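Student:
Residue numbers (the numbering used here): 1295 to 2029.
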């Protein structure tokens, strides 16, 4: 089974990589761009949709504001890109906004940023995949009604690809990302040329009329424009991913990361403004509630995305154009792959938070492929929950979006201002001081812009769903504080402060739990005696007086030197009498260590687990909370476990006639543990001194009816099958 599992794992994620191969996974800029910038680049596929559908609440009267809103978004994006270029030079370790806020503003500020980014990364996956599925449904209407299932499957596919490693997934994502950039920029250039030559380019919705949901004048109009701006700022998500991923770049890391940031920002703003310009030229109509707002549409009209309508208009007005399907295909693909930005940012941030003891330690370690596998799996699970909860509708999910990223933007810029101010106090080189002062001015302007956007987002989106993201951030903040408090408390308890902690106990008191006298019990007794404790005794619980008497008699007949102690249990309990007895031993000699030996069956089939070892699990669970007590499990492997452990032998011709092969002897001339005689591990053959009857039938579990000297009951029948009830009823832990 383990080999089969390992083979499946290798097929899924590839062969394991050595730790010294980590340098081979570092990324050149041409691969880093599609990995870390795909989220920001892909936002041009849904940012125009959000701008137009928000403006549609006032009807068509406000559509002419779309390019102005887009221009405001461009200003904010360029400001953030310039600010983060300062970040990657100052903090190249990969902590990004979390490290900047923690170092300069304190741990609570850092934890706030960490909470915001974790929530935003989950939303990035949910929004990107849902938007990609929506674009695919625009090209293939048959996908309508199956979007949730398709989105969940795509998230699982992304998870599997990222489990193979950052570099390998980057190579897979590079071609679609570059294809998307070429398609959008090419469509923009082609559309501008057609417009300049006077060609007629009208979207299929150009003749429709959009009914206003309400009258927007004065303050209401200003509020609507601010809400439109906050929705358009979804184009900025993913900018921070590069600052978190600096360690993944090739050297010089900071320089390559800064160059990638600049390239990403330039391409993003060009594509965004190009799409908005084409949407205005082609007279695209895009409503928030198409069924009630759009007038003049044919019956059964399904509203297509802005990219789909623009591509249809630019490439000739027929949905059969190959270029139309090409644009839609690469757009849907890049939106899905944009989630890869989060799959690279979330695990790294989770690892840093785990290292700082704010998240479980399991998130800090790398998997077989040198990727943070646990973080990747956790991100996929949370994203799937959101996709299912919001029916894979990007318009619903987008309302939760942006809040987290602008919280991190704002606190990061405030932290960078303090960073430069602190260094200016000690820097004496004039050239370095000029660079620091210039960087501080850039970060100060960034703080003003991102802080303003954050306020706008909170005011305009809170009631539409942003409160859910804020509540999630607050919950994560409190949870991580509690995790840190737990780790700190455990570290304080485990610290070797006093020399007495390393002293040996005065004595060791061994207790072997016995339910019946069989091979597992005899092995546990032998093992306990071999460990040479100061005191060793066997303990059984008197649930059935007749069975207890049989056990006493067998004990005496065998002449076992270990004393047998019987614990009374009038209420037929097993665990409590054992726990109370162990505690009494501890009270009588507080400096002693009590070592409890529990015989257990090892089975090979899942359903056998239900039939065995339940009392052992309960006892171990209770004894773990008893100070000064150690628990030792003594396993006894049943035949089912042996079959699974060893490969099935090949039966050569004639092997049945020759009989079973004999096991090779060891150096001492005796058979090894794997080839014991029938007296040790088989249920047939002559009885040995361990307790097998002369006719080959087991008598482990004898009843209280009289027994003959050969181990059979007085009625001549073997009582092998009666052992099952005594495990749970006698408390030895083996069942």
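Note that beta-carbon positions come from the ideal geometry of N, C-alpha and C, so glycine has one too. This structure is a prediction, so every number in the text was calculated from the model and none was measured.
Taking the beta strand (DSSP E) that residue 1860 belongs to, which residues open and close that run?
Tutor: Residue mapping note: residue 1860 aligns to position 566 of the chain shown, counting from 1. Its beta strand (DSSP E) spans residues 1858-1862.
Student: Near residue 1398, which residues of its chain fall below 7 Å by C-beta distance, leaving aside the five closest residues on each side in sequence?
Tutor: Taking the chain shown and counting its residues from 1, one reaches residue 1398 at position 104. Setting aside the 5 residues that flank it on each side, residue 1398 is surrounded in the same chain by 1709, 1712 and 1713, each with a C-beta closer than 7 Å to its C-beta; the list follows chain order.
Student: What did DSSP end up calling residue 1918 once you bin it into helix, strand or coil?
Tutor: Here residue 1918 refers to the residue found at position 624 of the chain shown. Three-state DSSP puts residue 1918 in coil, outside helix and strand.
Student: Are the Cβ atoms of residue 1646 and residue 1392 separated by less than 8 Å?
Tutor: As a first step, residue 1646 is located in the chain shown; it is residue number 352 there, counting from the start. As a first step, residue 1392 is located in the chain shown; it is residue number 98 there, counting from the start. Yes, Cβ-Cβ distance for residue 1646 and residue 1392 is below 8 Å.
Student: Would a C-beta distance cut-off of 8 Å place residue 1699 and residue 1530 closer than the cut-off?
Tutor: Looking up residue 1699 in the chain shown gives position 405. Looking up residue 1530 in the chain shown gives position 236. In contact: residue 1699 and residue 1530 (Cβ atoms closer than 8 Å).
Student: One question on the structure: do residue 1649 and residue 1668 come within less than 8 Å of each other, judged by their Cβ atoms?
Tutor: On the chain shown, position 355 is the one that residue 1649 refers to. On the chain shown, position 374 is the one that residue 1668 refers to. Not closer than 8 Å, so no.
Student: For a quick check, are the C-beta atoms of residue 1374 and residue 1740 less than 8 Å apart?
Tutor: Mapped onto the chain shown, residue 1374 falls at position 80. Mapped onto the chain shown, residue 1740 falls at position 446. Yes, the pair counts as a contact, with Cβ atoms nearer than the cut-off.
Student: To the nearest angstrom, how far is the alpha carbon of residue 1825 from that of residue 1891?
Tutor: The count along the chain shown starts at 1 and reaches residue 1825 at position 531. The count along the chain shown starts at 1 and reaches residue 1891 at position 597. Their Cα atoms are separated by approximately 11 Å.
Student: Decide if residue 1616 is buried, meaning its Cβ has at least 16 other Cβ atoms within 10 Å, or exposed.
Tutor: Taking the first residue of the chain shown as position 1, residue 1616 is located at position 322. Result: exposed.
Student: Please report the Cβ distance between residue 1923 and residue 1701, rounded to the nearest whole angstrom; I am assuming they are in contact, meaning their Cβ atoms lie under 8 Å.
Tutor: One-based indexing of the chain shown puts residue 1923 at position 629. One-based indexing of the chain shown puts residue 1701 at position 407. The pair is not a contact, with the Cβ atoms about 48 Å apart (cut-off 8 Å).
Student: For a test of the three-state rule: what should DSSP assign to residue 1596, helix, strand or coil?
Tutor: What you label residue 1596 is simply residue 302 of the chain shown in a count that begins at 1. Reduced to three states, the DSSP call for residue 1596 is coil.
Student: If you reduce the DSSP assignment to three classes, tell me which class residue 1331 lands in.
Tutor: Position 37 of the chain shown holds residue 1331. Here residue 1331 carries a coil assignment [DSSP, helix/strand/coil].
Student: Quick check: residue 1504 and residue 1587, are their CB atoms within less than 8 Å of each other?
Tutor: Counted from its first residue, the chain shown places residue 1504 at position 210. Counted from its first residue, the chain shown places residue 1587 at position 293. Against a cut-off of 8 Å, the Cβ pair of residue 1587 and residue 1504 comes out as a contact.
Student: Roughly how many angstroms separate the alpha carbons of residue 1597 and residue 1356, rounded to a whole number?
Tutor: Reading the chain shown from its first residue, position 303 is the one you call residue 1597. Reading the chain shown from its first residue, position 62 is the one you call residue 1356. The straight-line gap from Cα to Cα measures roughly 20 Å.
Student: Have a look at residue 1352 and residue 1584 and give me their C-alpha separation to the nearest angstrom.
Tutor: For the purposes of this step, residue 1352 is identified with residue 58 of the chain shown, where counting begins at 1. For the purposes of this step, residue 1584 is identified with residue 290 of the chain shown, where counting begins at 1. Those two C-alpha atoms are separated by around 13 Å.
Student: Less than 8 Å separating the beta-carbons of residue 1432 and residue 1570?
Tutor: Position 138 of the chain shown, counted from the start, is the residue given in the question as residue 1432. Position 276 of the chain shown, counted from the start, is the residue given in the question as residue 1570. Taking the C-beta atoms as reference points, residue 1570 is found no nearer than 8 Å to residue 1432.
Student: Which residue from 1522, 1872 and 1878 puts its Cα closest to that of residue 1914?
Tutor: Mapped onto the chain shown, residue 1914 falls at position 620. Per the Cα distances, 1872.
Student: Could you tell me the alpha carbon to alpha carbon distance between residue 1527 and residue 1455, rounded to whole angstroms?
Tutor: As a position in the chain shown, residue 1527 is number 233, starting the count at 1. As a position in the chain shown, residue 1455 is number 161, starting the count at 1. When rounded, the distance between both Cα atoms is 29 Å.
Student: Give the straight-line distance between the Cα atoms of residue 1506 and residue 1582, rounded to the nearest whole angstrom.
Tutor: Sequence index remark: in the chain shown, residue 1506 carries index 212 (1-based). Sequence index remark: in the chain shown, residue 1582 carries index 288 (1-based). Distance from the CA atom of residue 1506 to the CA atom of residue 1582, rounded to whole angstroms, is 10 Å.
Student: Classify residue 1693 as helix, strand or coil using the three-state DSSP reduction.
Tutor: Walking along the chain shown from the start, residue 1693 turns up at place 399. Of the three classes helix, strand and coil, the one that applies to residue 1693 here is coil, per DSSP.
Student: In chain order, which continuous runs of the beta strand (DSSP E) of length 3 or greater are located wholly inside the region 1808-1852?
Tutor: 1829-1836
Student: Classify residue 1505 as helix, strand or coil using the three-state DSSP reduction.
Tutor: Here residue 1505 corresponds to residue number 211 of the chain shown, with the count starting at 1. Correct three-state label for residue 1505: coil.
Student: Using the C-alpha atoms, what's the distance from residue 1786 back to residue 2006?
Tutor: As a first step, residue 2006 must be located in the chain shown, where it is residue number 712. As a first step, residue 1786 must be located in the chain shown, where it is residue number 492. Bear in mind that a pLDDT of 39 at residue 2006, under 50, signals an unreliable position, so the model cannot answer this.
Student: Please state the DSSP three-state secondary structure of residue 1342.
Tutor: The residue you call residue 1342 lines up with position 48 of the chain shown. Three-state DSSP puts residue 1342 in a helix.
Student: Can you check whether the CB of residue 1427 is closer than 8 Å to the CB of residue 1678?
Tutor: For the purposes of this step, residue 1678 is taken as the residue at position 384 of the chain shown. For the purposes of this step, residue 1427 is taken as the residue at position 133 of the chain shown. No, the pair does not count as a contact, with Cβ atoms beyond the cut-off.
Student: Taking the C-alpha atoms as reference points, what is the distance between residue 1842 and residue 1894?
Tutor: Position 548 of the chain shown, counted from the start, is the residue given in the question as residue 1842. Position 600 of the chain shown, counted from the start, is the residue given in the question as residue 1894. Roughly 20 Å separates the two Cα atoms.
Student: Can you check whether the C-beta of residue 1472 is within less than 8 Å of a C-beta belonging to chain D?
Tutor: You won't find chain D in this structure, because it holds only one protein chain.
Student: If you follow the beta strand (DSSP E) that residue 1924 is part of, which residue opens it and which one closes it?
Tutor: Position 630 of the chain shown, counted from the start, is the residue given in the question as residue 1924. Per DSSP, residue 1924 belongs to the beta strand (DSSP E) from 1923-1931.
Student: Could you have a look at residue 1727 and say whether DSSP puts it in helix, strand or coil?
Tutor: Taking the chain shown and counting its residues from 1, the one referred to as residue 1727 is at position 433. Residue state, collapsed to three classes: helix.
Student: Contact between the region 1319-1326 and the region 1530-1546: three or more CB pairs below 8 Å?
Tutor: yes
Student: Just to check my reading of the structure: residue 1364 and residue 1567 have Cβ atoms closer than 8 Å, yes? What is that Cβ distance to the nearest angstrom?
Tutor: Position 70 of the chain shown, counting from 1, holds the residue named residue 1364. Position 273 of the chain shown, counting from 1, holds the residue named residue 1567. The pair is a contact, with the Cβ atoms about 6 Å apart (cut-off 8 Å).
Student: By Cβ distance below 6 Å, which residues in the same chain neighbour residue 1354 in space, the five residues on each side in sequence not counted?
Tutor: Numbered from its first residue, the chain shown carries residue 1354 at position 60. Excluding sequence neighbours, residue 1354 sits near 1504.
Student: Assuming residue 1832 and residue 1802 form a contact by the criterion Cβ under 8 Å, report the distance between their Cβ atoms to the nearest whole angstrom.
Tutor: Locating residue 1832 in the chain shown gives position 538, where the first residue counts as 1. Locating residue 1802 in the chain shown gives position 508, where the first residue counts as 1. That belief does not hold up - the Cβ atoms of residue 1832 and residue 1802 are roughly 16 Å apart, past 8 Å.
Student: Could you name the residues of the same chain whose beta carbon sits closer than 6 Å to that of residue 1630, not counting the 5 residues immediately before and after it, in chain order?
Tutor: For the purposes of this step, residue 1630 is identified with residue 336 of the chain shown, where counting begins at 1. In its chain, beyond the 5 residues on either side, 1423, 1426 and 1448 have a beta carbon closer than 6 Å to the beta carbon of residue 1630.
Student: Can you find the residues in the same chain that come closer than 6 Å, C-beta to C-beta, to residue 1980, ignoring five residues on each side of it along the sequence?
Tutor: Counted from its first residue, the chain shown places residue 1980 at position 686. With a pLDDT of only 35 at residue 1980, under the threshold of 50, the placement of this residue in the model should not be trusted; the figure read from the coordinates follows. So the list is empty, once near-sequence residues are dropped.
Student: Take every Cβ of the region 1765-1772, pair it with every Cβ of the region 1412-1419, and state whether three or more of those distances are shorter than 8 Å.
Tutor: They touch, by the three-pair rule.
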